[in-house]
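Be aware that the sequence shown starts at 1, since it is given in full-length UniProt numbering, and climbs by one per residue. Yeah, the Cβ is synthetic: ideal placement off N, Cα and C, and Gly gets one too. First up is the structure itself, then whatever we jot down about it.
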Amino acid sequence: MWQVGIIGAGGIGSAVARRLVPLGAEVRMANSRGPASLADKAAAIGIVPVTVEAAATARDFVLIAIPQHAVAALPPGLFAQTPADTIVLDANNHYPIRDGEIAAIEAGMPDSVWVAERIGRPVLKMFNTIHAATIVDGGHPKGTPGRICVPIAGDDMAAKRKAIDLAEALGFDGLDAGPLAESWRQQPGTAGYCRNLDLPAMRDALAASQSDLVATYRAEALAKARAMTAEALARSRA
């Protein structure tokens, strides 16, 4: 079974781990606070707490599931020791309200192209269009009507086939979403972002996205995030 390193112990990383461990995968998890801080999660989920360096040397997959701004703070040369055949997955979404402005992205560079350049390693964009709770509870057997689709963008066809197998194992239809340069099609605010679409609908949503509207998509997603935050704050004060 797979050996998977997960960098980030938040919602997406923990959700993927929660699904993988029962399948027999060895899941190495790391965060910025060190292995000792993951003892409770190890007991609850069955992950192996490790350093970031150890997570990056996993044999089959390494999932980057940290805020976009935190990618720049990863140790220099972190992926130099990652095995050549290991597939690096990027679940990032850039939100300026959280990450601050990143000049290259604001100028139009897709989020995951920026990540690949920062870490010096090709990546596949995956798990960025789905909520953590859906990863945990939304998977279904292959052939189930309305089965949720997980788009996967990247330049390595063999790696994408393996990532599609990973999505299938978790109960989702994996979809080749094209090259990494077009991963903007699945960024926040686009028609396929966090809509729990099935495969045909996701394919249509990706095709309908327009490159000249990327800034608009992000602004709409940011406005929605702000509204949701304000609503949650209001409820907490009620």
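Neighbourhood of residue i by C-beta, 6 angstroms cutoff - its chain only, sequence neighbours within 5 removed
i	result
residue 68	92, 94 and 99
residue 88	62, 121 and 123
residue 164	174
residue 136	15 and 18
Buried versus exposed, by CB contacts within 10 Å (16 or more), residue i
i	result
residue 90	buried
residue 129	buried
residue 218	buried
residue 209	buried
residue 111	buried
Contacts around residue i, its chain only, beta-carbon distance under 8 angstroms, and the 5 residues preceding and following it disregarded
i	result
residue 199	147, 149, 173 and 175
residue 51	30, 34 and 35
Coil, strand or helix - residue i by DSSP
i	result
residue 103	helix
residue 200	helix
residue 123	coil
residue 49	strand
residue 81	helix
residue 152	strand
residue 186	helix
Supposed contact pair residue j and residue i - C-beta distance, whole angstroms, cut 8 angstroms
i	j	result
residue 16	residue 45	So it is not a contact: roughly 10 angstroms between Cβ atoms.
residue 114	residue 102	7 angstroms
residue 25	residue 4	6 angstroms
residue 221	residue 179	At roughly 22 angstroms, the Cβ-Cβ gap does not stay under 8 angstroms, so residue 221 and residue 179 are not in contact.
residue 119	residue 74	7 angstroms
residue 169	residue 38	No, residue 169 and residue 38 are not in contact; Cβ-Cβ is about 23 angstroms, not under 8 angstroms.
Cutoff 7 angstroms; reference residue i; Cβ partners in own chain excluding five residues on either side
i	result
residue 66	7 and 8
Is the segment 46–64 touching the segment 78–88, taking contact as three or more C-beta pairs under 8 angstroms?
Here the segment 46–64 makes contact with the segment 78–88; the two share three or more CB pairs at distances below 8 angstroms.
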